[in-house]
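Take the sequence shown: its letters are residues 4 to 460, numbered as in our numbering.
Here a beta-carbon is modelled for each residue, glycine too, at the ideal position from N, C-alpha and C.
Down below is the structure, laid out as structure tokens.
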Amino acid sequence: MKTKFFILGLSVFALVFMSCSMPQGPSDLPAPQEEEEMSLAVETDTSRNQGIYINEKGVKIDIISEEDPDGTVVACVKATAIVRVDDGDDSSKSFSSGTWVKALVIGKRDDGNPGVWEIHNDDSIHPVRSSIGGRKCSLLEESEGLDRVIRRLFGWVYHVTMFSEAAEDGRRIIVGYAEHKEGIKRGRWLIEKGTRVAVYWKLNKSSCCPFFRVSRARIIGTPAAHPHHFHHGRHRFYWFIHYILSFLRLFFLNWLDAYLIEAKTVDYDKEKDAFIVTGIDQDGADAVATIYKDDHITIEPLNGVEIIYDRIVIDTYEPRGGWGAGFPPTDTYLTLFDDSGSMLEEDNDSTPYTDDHIGSAHIYYTDGLISGTYYIRVTSGFGSGPYAIRVLSLNKGAALPNPIYFDSYSESTDYDDDDSKKNIPNDPIDINVGNINAVNRRLNSSVDIDWLKFVLP
């Protein structure tokens with residue numbers, strides 16, 4: 004009997020042991036969920052005048068860097084844009100720290116000048132290296148073109164606006180503009196107040212090191228024949244002033260055949276190995292500039308030139324500043340149509356949002372849109388309420404900019420834009436592409452419809 008019970012006990016032990024040792028089937032317990040990562044983002048804390056980088060986990064980090072030659076601490080007081088550049092290969096790792104550059108940020112420095120910073124994979128922040136001497140410096144240097152007549156010394160202020168996509172060799176350009184806020188008037192020489200000229204900086208990844216180098220600014224323009232050199236007279240000082248002021252005037256009349264005063268989009272053309280910048284030329288007309296690898300530039304009217312916009316984002320959001328400043332945004336639904344009334348996209352939820360980018364609806368269109376007219380239909384099945392809407396043209400990898408908020412909620416009761424025929428509205432509301440062109444609207448009931456129209460140049 005004892006032997007029988009011993010064998011039975013041994014069998015039970017073996018069965019339990021095997022069941023613990025063998026691979027198990029699905030458990031009744033839920034599998035642990037991986038923490039969802041957000042897109043990299045930047046924002047500005049206006050109460051502190053401090054630009055902030057937001058990593059994949061939502062951690063906010065002040066953009067501050069130590070710079071050559073004496074370790075001066077420079078802060079970003081306004082963060083403009085961020086782009087991911089991390090390729091994850093071993094060649095990009097730092098020889099000293101084992102880190103690599105995963106993103107780049109542009110914005111305004113605390114001295115009022117534009118700047119660019121590297122974000123490493125450990126979330127440390129560093130200045131890029133200047134192509135002038137190789138020093139670590141976040142400053143985006145001014146142009147020395149046209150005999151240095153658009154330097155800050157002469158009253159020009161530089162601004163930075165956007166990154167391009169990367170070329171196949173990793174290089175990019177940063178686009179911005181130089182502005183003469185006050186203007187100059189000396190006799191017959193005149194630069195109007197607020198005059199602008201578009202510029203770009205070349206950003207190259209070093210072939211042997213993990214950091215980026217940035218060039219001086221260059222004008223997005225095509226040069227004319229150089230004017231005659233100054234002929235010295237008896238009064239050297241008088242003629243020196245004449246020389247400087249003449250060049251300031253000649254910059255707009257004779258120095259350049261054509262140039263952009265504003266850049267709206269920038270893309271990379273793989274076939275041409277060139278960057279394509281669309282914007283406004285010196286005559287106020289839509290134009291496209293092609294910037295080749297050797298810095299040769301062509302500018303031509305945009306009419307007849309087909310531009311493909313790779314990434315269009317349309318979203319709605321709470322008009323007065325997020326959940327805490329008012330209430331959640333009106334529950335809207337978006338539909339995008341082309342100029343023939345064909346539907347291109349409906350509201351989708353694939354775009355990640357940080358707390359500062361919460362939208363009640365958004366369209367993330369990456370199949371490529373060409374120049375033309377497009378319509379947006381905004382509806383809600385859950386009642387009335389205010390909302391803000393924006394249309395963005397962004398480069399691949401670029402973060403969504405912070406929304407533009409309004410001082411008050413829209414009290415619109417206009418139903419004139421409701422009518423349409425085959426998804427072509429009779430009287431749509433115009434909205435321009437760009438974050439600053441957001442529109443403040445209101446849906447008045449669950450059956451109200453807003454139609455908006457935007458044009459891609």
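- Ranked by Cα distance from residue 393, the options 301, 439 and 363 are led by 439.
- The continuous beta strand (DSSP E) containing residue 454 extends over residues 453 to 459.
- Annotation for residue 45: the continuous beta strand (DSSP E) segment containing it runs 44 to 48.
- Per DSSP, the continuous beta strand (DSSP E) segment holding residue 394 begins and ends at 388 to 396.
- In the three-state reduction of the DSSP assignment, residue 440 falls in the helix class, which pools H, G and I.
- Closest in alpha carbon position to residue 297, among 311, 197 and 278, is 278.
- With contacts defined as CB atoms closer than 8 angstroms, residue 139 and residue 111 fail to qualify as a contacting pair.
- For residue 103, the closest C-alpha among the options 84, 123 and 87 is that of 123.
- In this model, residue 445 and residue 411 are separated by some 12 angstroms (Cα to Cα).
- Taken through DSSP and simplified to helix, strand or coil, residue 157 comes out as helix.
- Taking 8 angstroms as the cut-off, the beta carbon of residue 310 is found closer than this to the beta carbon of residue 291.
- Around the Cβ of residue 349, a 10 Å sphere holds fewer than 16 other Cβ atoms; the residue is exposed.
- Secondary structure of residue 62 (DSSP, three-state): coil.
- In the DSSP assignment, residue 270 falls within the unbroken beta strand (DSSP E) covering 259 to 272.
- For residue 336, the enclosing beta strand (DSSP E) has its first and last residue at 336 to 341.
- The continuous stretches of beta strand (DSSP E) do not include residue 406, and DSSP gives it neither H nor E.
- Sequence-distant partners of residue 426 (beyond 5 residues in either direction) whose C-beta falls short of 6 angstroms from its own C-beta, in its chain, are 340 and 344.
- In the structure shown, the three-state DSSP call for residue 143 is coil.
- If you look at residue 123, you'll find it in the beta strand (DSSP E) that goes 117 to 123.
- Shortest Cα-Cα distance from residue 118 to any of 131, 128, 143 and 101 involves 143.
- The three-state secondary structure of residue 299, taken from DSSP, is coil.
- Approximately 18 angstroms separates the beta-carbon atoms of residue 69 and residue 55; this is outside 8 angstroms, ruling out the contact.
- Counting other Cβ atoms within 10 Å of its Cβ, residue 50 stays below 16 and is therefore classed as exposed.
- Sequence-distant Cβ neighbours of residue 183 in its own chain, meaning closer than 6 angstroms and more than five residues away, are 158, 159, 194 and 198.
- Separation of the CB atoms of residue 167 and residue 270 is rounded to 7 angstroms, and the pair is thereby assigned contact status at 8 angstroms.
- C-alpha of residue 302 to C-alpha of residue 294: approximately 9 angstroms in a straight line.
- If you draw a 10 Å sphere on the C-beta of residue 165, you find 16 or more other C-beta atoms in it, and that means buried.
- According to the DSSP assignment, residue 199 belongs to the beta strand (DSSP E) that extends over 198 to 208.
- In the DSSP assignment, residue 219 falls outside any beta strand (DSSP E) and carries neither an H nor an E.
- Distances from the alpha-carbon of residue 48 to those of 65, 380, 373 and 267 put 65 closest.
- If you compare the alpha carbons of 209, 87 and 170 with that of residue 134, the shortest gap goes to 209.
- A distance below 8 angstroms separates the beta carbons of residue 363 and residue 320.
- For residue 347, the enclosing beta strand (DSSP E) starts and ends at 346 to 349.
- Take the alpha-carbon of residue 214 and the one of residue 267: they are about 28 angstroms apart.
- In the structure shown, the three-state DSSP call for residue 128 is strand.
- At the C-beta level, residue 317 and residue 366 come within 8 angstroms of one another.
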